[in-house]
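Protein chains in written order, with the working numbering: chain X, -1 to 340; chain A, 59 to 644. Heads up, the beta-carbon is just placed ideally off N, CA and C, and yes, glycines get one too. Note that this is a predicted model, so its numbers are computed, not measured. Here the structure comes first, spelled out in structure tokens, and everything after it is commentary.
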């Protein structure tokens, strides 16, 4: 590789950082840049709930310090959002109107909160917790709130719910069957989740839906289709994640739910790779695309994408935990289809 | 209750409203009850689009120094602001124009070059200003609007502050600025997600009475007027020109005269002439002008004529760095010129003391019939602080000439030997008070006399008088504790004193046993007070803004012990953070 190469990684999570580490290790001369629209260096998302309660200080959230990037000669562009990719000229366009060139690109932009179409009228009232930025915005509000309403569920949502319960908040949750989209909770699973939650102070609402939300922060009034009325200081929505790929739309890189990549994590455009939860990976065994979640998957994919970008020919395999535990119920880790079961 | 201590910098190009935005911010914050200190830096060249920075520190508590690193950088110009990023704290906030007129190439954008950890807020400054007013001139106000929203500042009060700032302008100017501000505020409210922890909501505000927001030059001019200055002569020079500008308007209203001379030599000549005529007279200059004035300073001392020179120091030598601050004229102020030429030198330590020191300078010059140099610097001259309304000078400071009694005029000896060296001075026109005044050595009548004994006696008289000035010295400023013994004693002077005192206060909170000492009077120096202080300190640290440690060498000579020097010639004011760091290392 020549020293003129500029490997750019969009995304500062486990996939992006492991891709960067491999690229630096294998090519000492090239420029390596990581871009993230968040302002914080690489951090443990699973620890965000602890950060909200105050049990995890900010420094313990961090996986890597800024000094470690400097030591590795990896440039980190934090708080910078890529708005558009021009694959013909290999140019990234930022929202702050800067243009930079890449030689090869790794997209590891992760995923964002999913907004259910039925909830769009209430977007003004809903809060989402998917990132450090979200947490910074809501941390004090959560501390000051007495009553909190959660809509949906999903893995993060239930962890959040447990945290609020431990903080002594009065919490109500409307478990939405499609919270784990596209994986639906079976009635049996739902009953088990409700049974387990009944041991807490959380008020659980099931087989119902939002009919109306009125009010303002600190004084929301929620009505359900079954006539239940609730008051809340804050309303949070946890309805799964959706790949964060808006910036590649129109670029020529193919996408479906996520960015379509082959088993080598290469996109449909030369010199552009994708990995982590923003990628929809082709599985030749089932002749279908799947999206994965979970930290180990992201790490593995980041490393494989980097190796292949440098000329290797590694096929990705699903790794990591097969199941997540949701209130005592085991949920499979892949989204659309589970590779191992097919 | 929360306390706030924040430094906000606005960086732009000359003509982009950078300095005026900073001024508006400072005035508004002061009106909200906060302590403020602000300092602008701008290019020396009058023409062009050089870099301007308006630096403002805002605090719930008293402020002694401007703060080294900024918590917030508002960028009105990417190119200039990129070079200002090094002054932004690691987790600082950056507010920048997210919709420039054309895209930036790689690394030409301040947002792109921001240090990792910076919290950026992109605001379409130009676009919003255009929307509000039809042109982009209001970008600075849009930025203040966004800042106001992000940091929870009172929008209505801020709007009133802007209206007050432009109160004398046409309505369209007021409306343009207010509308731009509101556009920025509303846009930020709709579009920005708060990601930093700064907030002015529910923070402690010191309760204070009416405050004046002035810089050192303004206070010097105000003090001079309050102390009955009647004549000012000068030649414009940065950073002292503002004093002359103010006095050119105000002095005639007070019955005085301002003379713009052809050069600095003429200015000091005219001041000595006015002083001889019994008028309170003053001139102001900077290093290059002070060098020229040296030609005349000896006359003031030899002929015992009151004269006050303000030397607002800037980077030197020669024409040096006109818009950068430095404390490198210490030696020139105390020792320039020929012969044994004792002169009084006062160096205010903060904005407020510019007032008191000016009153004292005019008083000492008149009472002791001698030259007084008032040593300011670019930072003191230009930094703005909100201060209590100064107390008008006491009566004794307004008329200090010791006139001859009637019986003394029967055989009037203008330079009569006295115990303290002060000879009663007749003002020209006083019947019987005619005398010779000359730069030549002279006898008690003022007649030239070069005798061995005469020269010795007259020199002794001038030095006796000089030493007796010490009784007028303001009490040294000290930060000490009941312990009475310290590991580190910080001795400072001039504008570095505030930073030194602040550093010592912070150091003590960290467990460093330290104390500080500074004196406004540099010549004659209160030596015994400094020696006494030094005896309580194991190590002595002397921070100052010059290369060689001019004051440190002077102080070491008095203390007769080694001192640790800390010197900067960055053109920026002394930072308490740097002194603190040095103390940690000692």
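The C-alpha of residue 551 (chain A) lies about 57 Å from the C-alpha of residue 105 (chain X). By the rule that beta-carbons nearer than 9 Å mark a contact, residue 83 (chain X) does not touch chain A.
Taking residue 513 (chain A) as reference, the option from A:475, A:491, A:493, A:542 with the minimal CA-CA separation is A:475. Only 37, 38, 39, 64, 67 from the stretch 37 to 67 of chain X bring a Cβ to less than 9 Å from some Cβ of chain A. In the pairwise beta carbon analysis, the stretch 463 to 482 of chain A is classified as not touching the stretch 404 to 413 of chain A: fewer than three pairs are separated by under 8 Å. Listed along the chain, the chain A residues whose CB falls inside 8 Å of the CB of residue 74 (chain X) are 174. For residue 2 (chain X), no Cβ of chain A is located within less than 9 Å of the residue's own Cβ. The C-alpha of residue 92 (chain A) is placed about 8 Å away from the C-alpha of residue 262 (chain A). Closer than 9 Å to the CB of residue 255 (chain A) there is at least one CB belonging to chain X. In the three-state reduction of the DSSP assignment, residue 149 (chain A) falls in the strand class, which pools E and B.
Closer than 8 Å at the C-beta level to chain A, one finds these residues of the stretch 90 to 102 of chain X: 91, 92, 93, 94, 95, 96, 97, 98, 99.
When the beta-carbon positions are compared, residue 187 (chain A) and residue 238 (chain A) come within less than 9 Å of each other. Between residue 405 (chain A) and chain X, the shortest Cβ-Cβ separation is not below 9 Å. Within a 10 Å sphere around the beta-carbon of residue 224 (chain X) sit fewer than 16 other beta-carbons, which makes this residue exposed.
Within the stretch 124 to 141 of chain X, 131, 134, 135 place their CB atoms closer than 8 Å to a CB of chain A, listed in sequence order. The C-beta separation of residue 560 (chain A) from residue 96 (chain A) comes to about 16 Å, leaving the pair out of contact by the 8 Å criterion. Taking 8 Å as the upper bound for CB-CB distance, residue 367 (chain A) and residue 431 (chain A) are in contact here, some 5 Å apart.
In terms of CA proximity to residue 202 (chain A), A:213 leads the group A:193, A:521, A:194, A:213. For residue 164 (chain A), the C-beta contacts it makes with chain X under 9 Å involve 96, 97, 98, 99, in order along the chain.
The beta carbons of residue 327 (chain A) and residue 370 (chain A) sit no closer together than 9 Å. Our two residues, residue 129 (chain X) and residue 611 (chain A), have alpha carbons roughly 57 Å apart in a direct line.
When the five nearest sequence neighbours on each side are left out, the beta carbons in the same chain lying within less than 8 Å of the beta carbon of residue 396 (chain A) are those of 356, in order along the chain. When the alpha-carbon of residue 61 (chain X) is set against those of X:211, X:73, X:44, X:132, the nearest one is in X:44. It is roughly 6 Å from the alpha-carbon of residue 522 (chain A) to the alpha-carbon of residue 478 (chain A). For residue 11 (chain X), no Cβ of chain A is located within less than 9 Å of the residue's own Cβ. For residue 637 (chain A), there is no enclosing beta strand (DSSP E); the residue is found in the alpha helix (DSSP H) stretching over 634 to 643. Taken in chain order, the whole beta strand (DSSP E) runs of length 3 or more contained in the stretch 351 to 423 of chain A are 365 to 371, 402 to 404. At the C-beta level, residue 297 (chain A) and residue 414 (chain A) stay beyond 9 Å of one another. Shortest Cα-Cα distance from residue 111 (chain X) to any of X:309, X:197, X:127 involves X:127. For residue 286 (chain A), the closest alpha carbon among the candidates A:331, A:416, A:241 is that of A:416.
In chain order, 92, 94, 95, 96 make up the part of chain X whose C-beta sits under 8 Å from the C-beta of residue 167 (chain A).
For the 9 Å CB-CB criterion, residue 535 (chain A) and residue 578 (chain A) form a contact. Under the 8 Å Cβ criterion, the stretch 58 to 76 of chain X does not count as touching the stretch 188 to 208 of chain X, having fewer than three qualifying pairs. Within the same chain, 59, 60, 61, 130 come within 8 Å of residue 41 (chain X) by CB-CB distance, once the 5 residues on both sides are set aside. Close partners of residue 180 (chain A) in chain X (Cβ separation under 7 Å): 93, 94. Only buried fits residue 70 (chain A), as 16 or more other CB atoms lie within 10 angstroms of its CB.
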